[in-house]
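J.: Would you mind keeping the following structure in view while I ask a few things?
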Amino acid sequence: MTKEELQVKLAEKLPELSFEEGGEWLNMYVEPEAWPFLAQTLRNDSELWFDYMFCLTCVDWKTHLTMVYHFSSTRHRHNIVVKSKLNRDNPEIETICQIWRTAEFHEREVYEMFGVNFLHHPDLRLLILPDGWEGKNPMRKDYDDPVNMIKL
Amino acid sequence: MITFKDEVAVTESGDLVINIGPQHPATHGVLHLLITINGETVKKVEPHLGYIHRSIEKMCESLSYRQFTYSTSRMDYLSAHINNHACVLGVEKGLQIEVPQRAEVIRVLMDELTRIASHVLWWGALAMDVGAITPFFHAFREREMINDLMEETCGARLTMNYMVPGGVMADLHPNFYKRVKQIIQQFKDKLDEYDELVTYNTIFINRTKNVGYLSPEDAVSWGVSGPSARASNVSCDIRKLYPYGIYDKLTFDEVLLTEGDTYARYMVRMLELRQSLSIVEQLIDNIPEGDFQAKTKAVLKLPKGEYYSRVETARGEFGVYIVSEGGTTPYRIKFRSPGYSNLSALGHMARGSKIGDLVAIMGSLDLVIPDIDR
Amino acid sequence: METGQRPVTDFPGQVIDTPGGGLLTGALDDLINWARSNSLWPLVFGTSCCAIEMMSTASAKYDWSRFGFEVARATPRQADVIIIAGTIVNKMAPVLRRLYDQMPDPKYVIAMGACATSGGPFFYNTYSVVKGADHVLPVDVYVAGCPPRPEALLHALITLQEKILKEKR
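Protein chains in written order, with our numbering: chain A, 52 to 203; chain B, 204 to 577; chain C, 1112 to 1280.
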């Protein structure tokens, strides 16, 4: 399905999505509360069938955080990008690791680097950072480390 | 609290939790596995990462667009060219740079030679894990030929930064054709020798057949890509699905097998070696004349936006996600590494097997740990 | 004697032929140093890219077992020299220290590559890299390069052997 057909189909399933112009693939913004329903639709609808998640990350815009998910379909060979804006002080979003099992490790990494709390994750703890780094969130833009980080 | 029904390991009183690594000859780097075993049967595998976490993503936020390519050479150092290719593809996508044909052909040639070198080293390392020491020396003897060629062309044996946005850094030297032809000739003879040594060896077949089965649905759900997924009949070769460079003009097959066990993952890579050799043969006689680098400004500034580029490395799908705010340094870079998702499927594959089988499965997944930890 | 000019396997003593066998005379310190330097066993320890060049040095083209580094042991209890090949990060530093403490005396350390010498290409703006392995252990020989060529590592091994020959008790 092309970008326009995907946009039409998703707009009729979830009217409150907002789409972004430009970019190679279809980009859309979804509210964190509506994310579980959208995730189920993306995975189980037979015309969409996005069964392969290939990237899960977070970007720190200084006023808010944005979760970015990239999906692909092995059946129809189309790609899509879903984004979700989170509140900076208390970022929370529902986990998707029951639907795409690869999200377990990716969400643990986003939790330790940015501090996003994933609700109902089976095992949310530090993965890459050593013990004692909970709460430090080094990938955030306001991470302060006067010894190592040089501000040019 | 969600628990997956098939994933809960019942811990009985006779269970032991032991550490494999981080310093261990079989872990291909510093991987720390906590395994729960009962006798010799593995019940649960929990990987602990981070022993080589060099915070590359944070560091790249202060490097310019020409500079951040070097850090990907050091992430997956066995397919260094292919990783660099992904970075420069992202920058070229943002700046709409047109790469000359000669540079494209040189890039693909170097990619395939790197893939051959990486698979050969994987073969030697897997044989050593399973217990055979001799193939290791055979593998390094072949790899040295490719390393010498890389040193003459790019200047370095292992971490070559040959790709720049717009083309390659230097032109080919006059000996290049002769050397590549020697490599092709030597490899053709040696691949049959490799098959005799390991592929048809009864002990190896007993150690790897029906060990570590991964079904196609699980492979897609766990995000496995590359040869490990192609052994489970999942078609995911980026060179065929979303072609970049000149891959759409070359003839080669995507190797797909259906068994999904360790022996199938082994055979996929051995067959891919032959496919890569045929690509090198197709290209070496047909390198067009022209520029090796497009003219670009010295200081590159990507326009505001997000760019994702994906390539097929020897391990799977490598992705570079660049978020740019219009400055000379990127705002956020995310490297989607293939080993990260391949490793997360290890716990699922190794449940119920013996410790020796666990080592064989890890070897067949072809993990490079700095690629996982970034 | 200058570096690189004297063959390392020169036996530091005298062999006197007598009927029914022979006599060996020499200073005990020199004999012990000679024996130690010619049979150092390295520990299998490689964290990142330099480990591949270390494996190349161990293989058939640039063989290090002709200098006595024949057996690469996986356990620190049986190793003499640890070649730190790769970057050391904050999480790995206690593990490295524990491995070094578990090695029996006399033990030697070679810091291979730019990362182990001083942090290397990851010196600036990283929150997790230890800027040089000598923050963790005492280093005997440093090798430059990213990664160093196998010949550079062999030169470092020969330098270490010459350093051991000059040790005094």
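Built from N, CA and C at the ideal position, the CB exists for glycine as well.
#1: Below 8 Å on the Cβ atoms is my guess for residue 190 of chain A versus residue 156 of chain A; work out the distance and round it to an integer in Å.
#2: Please confirm whether residue 1198 of chain C has its beta-carbon closer than 8 Å to some beta-carbon of chain A.
#3: Is there contact between the stretch 458–475 of chain B and the stretch 303–310 of chain B, where contact requires at least three CB pairs shorter than 8 Å?
#4: State whether the stretch 500–509 of chain B contacts the stretch 517–531 of chain B, with contact taken as three or more CB pairs (one from each stretch) at a distance under 8 Å.
#5: Spell out the partners DSSP gives residue 119 of chain A in its beta bridges.
#6: List, in order along the chain, the chain C residues whose C-beta lies closer than 8 Å to that of residue 255 of chain B?
#7: Using only the alpha-carbon positions, how far apart do residue 387 of chain B and residue 314 of chain B sit?
#8: Assign residue 139 of chain A to one of three DSSP states: helix, strand, or coil.
#9: At a cut of 8 Å, does the stretch 510–524 of chain B reach the stretch 282–299 of chain B through at least three beta carbon pairs?
#10: Taking residue 60 of chain A as the reference, which of A:150, A:79, A:73, A:75 has the closest Cα?
#11: Residues in the stretch 182–202 of chain A with C-beta within 8 Å of chain C's C-beta atoms, listed in sequence order?
#12: Per DSSP, what are the beta-bridge partners of residue 520 of chain B in this structure?
#13: Taking Cβ-Cβ distances below 8 Å as the criterion, which residues of the stretch 441–456 of chain B are in contact with chain A?
#14: What's the call for residue 1259 of chain C, buried or exposed, on a 16-neighbour Cβ count within 10 Å?
#15: Are the stretch 430–442 of chain B and the stretch 394–413 of chain B in contact at 8 Å, needing three or more beta carbon pairs?
#16: Between residue 166 of chain A and chain B, is there a C-beta pair that is closer than 8 Å?
#17: Under 8 Å: do the stretch 286–296 of chain B and the stretch 240–255 of chain B share three or more Cβ pairs, one atom per stretch?
#18: Please check if any C-beta of chain B sits within less than 8 Å of the C-beta of residue 103 of chain A.
#19: Among B:533, B:548, B:259, B:277, which residue has its Cα nearest to the Cα of residue 419 of chain B?
#20: Please state if the CB of residue 93 of chain A and the CB of residue 101 of chain A are separated by a distance shorter than 8 Å.
#21: Mind checking which residues open and close the beta strand (DSSP E) that includes residue 250 of chain B?
#22: When DSSP labels each residue in this structure, what does residue 1241 of chain C get in the three-state scheme?
#23: Roughly how far, in whole angstroms, is the beta-carbon of residue 555 of chain B from the beta-carbon of residue 244 of chain B, given that I think they are within contact range, below 8 Å?
#24: What is the DSSP secondary structure of residue 1157 of chain C, reduced to helix, strand or coil?
#25: Among residues of its own chain, excluding the 5 on either side of residue 1245 of chain C, which ones have a beta-carbon nearer than 6 Å to its beta-carbon?
#26: Nearest by alpha-carbon distance to residue 147 of chain A: which of A:181, A:86, A:182, A:161 is it?
#27: Where does residue 1186 of chain C sit, in a helix, a strand or coil, going by DSSP?
#28: In angstroms with no decimal places, state the Cα-to-Cα distance between residue 1152 of chain C and residue 232 of chain B.
#29: Please name the residue or residues paired with residue 1214 of chain C in a DSSP beta bridge.
#30: Could you tell me the distance, in whole angstroms, from the CA atom of residue 1078 of chain C to the CA atom of residue 255 of chain B?
#31: Checking contacts by CB at 8 Å: is residue 262 of chain B closer than that to chain C?
#32: If you check the beta carbons only, do residue 480 of chain B and residue 471 of chain B fall under 8 Å apart?
#33: Any chance the stretch 1250–1269 of chain C sits against the stretch 1214–1223 of chain C, with 3 or more Cβ pairs inside 8 Å?
#34: Per DSSP, what kind of secondary structure is residue 366 of chain B in: helix, strand or coil?
#35: Which stretch, first to last residue, makes up the alpha helix (DSSP H) that contains residue 397 of chain B?
#36: Does the beta carbon of residue 1235 of chain C come closer than 8 Å to any beta carbon on chain F?
T.: The answer reads as follows:
#1: In the first sequence, counting from the first residue as 1, residue 190 of chain A sits at position 139. In the first sequence, counting from the first residue as 1, residue 156 of chain A sits at position 105. Not quite, the Cβ-Cβ distance comes to about 16 Å (not below 8 Å), so this is no contact.
#2: Translated into positions along the third sequence, residue 1198 of chain C becomes position 87. So, not an interface residue.
#3: no
#4: yes
#5: Position 68 of the first sequence, counted from the start, is the residue given in the question as residue 119 of chain A. Bridge partners of residue 119 of chain A: A:108, A:134.
#6: The sequence position of residue 255 of chain B within the second sequence is 52, counting from 1. Ordered by position in chain C, the residues that pass the 8 Å Cβ test against residue 255 of chain B are 1158, 1159, 1197, 1198, 1200, 1203.
#7: As a position in the second sequence, residue 387 of chain B is number 184, starting the count at 1. As a position in the second sequence, residue 314 of chain B is number 111, starting the count at 1. Each residue's Cα considered, the two are about 15 Å apart.
#8: For the purposes of this step, residue 139 of chain A is identified with residue 88 of the first sequence, where counting begins at 1. Note: residue 139 of chain A maps to coil in three-state DSSP.
#9: yes
#10: Stepping through the first sequence from its first residue, residue 60 of chain A is reached at position 9. Checking every option, the nearest Cα to that of residue 60 of chain A belongs to A:79.
#11: 189, 194, 196, 199, 200, 201
#12: Taking the first residue of the second sequence as position 1, residue 520 of chain B is located at position 317. Looking at the DSSP assignment, residue 520 of chain B forms a beta bridge with B:515.
#13: 444
#14: Position 148 of the third sequence, counted from the start, is the residue given in the question as residue 1259 of chain C. Residue 1259 of chain C comes out buried.
#15: no
#16: Taking the first sequence and counting its residues from 1, one reaches residue 166 of chain A at position 115. By this cut-off, residue 166 of chain A is not an interface position.
#17: no
#18: Mapped onto the first sequence, residue 103 of chain A falls at position 52. With 8 Å as the cut-off, residue 103 of chain A counts as an interface residue toward chain B.
#19: Here residue 419 of chain B refers to the residue found at position 216 when the second sequence is read from its first residue. It is B:548 whose Cα lies nearest to the Cα of residue 419 of chain B.
#20: As a first step, residue 101 of chain A must be located in the first sequence, where it is residue number 50. As a first step, residue 93 of chain A must be located in the first sequence, where it is residue number 42. Their beta carbons are under 8 Å apart, which means residue 101 of chain A touches residue 93 of chain A by this criterion.
#21: Against the second sequence, residue 250 of chain B aligns to sequence position 47. Where residue 250 of chain B is concerned, the enclosing beta strand (DSSP E) stretches over 244–251.
#22: For the purposes of this step, residue 1241 of chain C is identified with residue 130 of the third sequence, where counting begins at 1. Residue 1241 of chain C falls in the coil class under three-state DSSP.
#23: Stepping through the second sequence from its first residue, residue 555 of chain B is reached at position 352. Stepping through the second sequence from its first residue, residue 244 of chain B is reached at position 41. With 8 Å as the limit, residue 555 of chain B and residue 244 of chain B qualify as a contact, their Cβ atoms being about 7 Å apart.
#24: Numbered from its first residue, the third sequence carries residue 1157 of chain C at position 46. DSSP places residue 1157 of chain C in strand when its eight states are reduced to three.
#25: Counted from its first residue, the third sequence places residue 1245 of chain C at position 134. Once the five neighbours on either side are set aside, residue 1245 of chain C has no close Cβ partner at all.
#26: Indexing the first sequence from 1 puts residue 147 of chain A at position 96. Selected option, being the one with the closest Cα: A:86.
#27: As a working note, residue 1186 of chain C is residue 75 in the third sequence. Of the three classes helix, strand and coil, the one that applies to residue 1186 of chain C here is coil, per DSSP.
#28: Counted from its first residue, the third sequence places residue 1152 of chain C at position 41. Counted from its first residue, the second sequence places residue 232 of chain B at position 29. The alpha-carbon atoms of residue 1152 of chain C and residue 232 of chain B are separated by roughly 20 Å.
#29: Locating residue 1214 of chain C in the third sequence gives position 103, where the first residue counts as 1. According to DSSP, which records beta bridges pairwise, residue 1214 of chain C is partnered with nothing at all.
#30: Lying before the first or after the last residue shown, residue 1078 of chain C is absent from chain C, which here runs from 1112 to 1280.
#31: In the second sequence, counting from the first residue as 1, residue 262 of chain B sits at position 59. Cβ-Cβ to chain C under 8 Å: yes for residue 262 of chain B.
#32: Sequence index remark: in the second sequence, residue 480 of chain B carries index 277 (1-based). Sequence index remark: in the second sequence, residue 471 of chain B carries index 268 (1-based). Contact flag unset, no.
#33: yes
#34: Stepping through the second sequence from its first residue, residue 366 of chain B is reached at position 163. Strand at residue 366 of chain B.
#35: Within the second sequence, the letter at position 194 stands for residue 397 of chain B. Residue 397 of chain B -> alpha helix (DSSP H) spans 379–397.
#36: The chain inventory of the structure shown lacks chain F, comprising the protein chains A, B and C.
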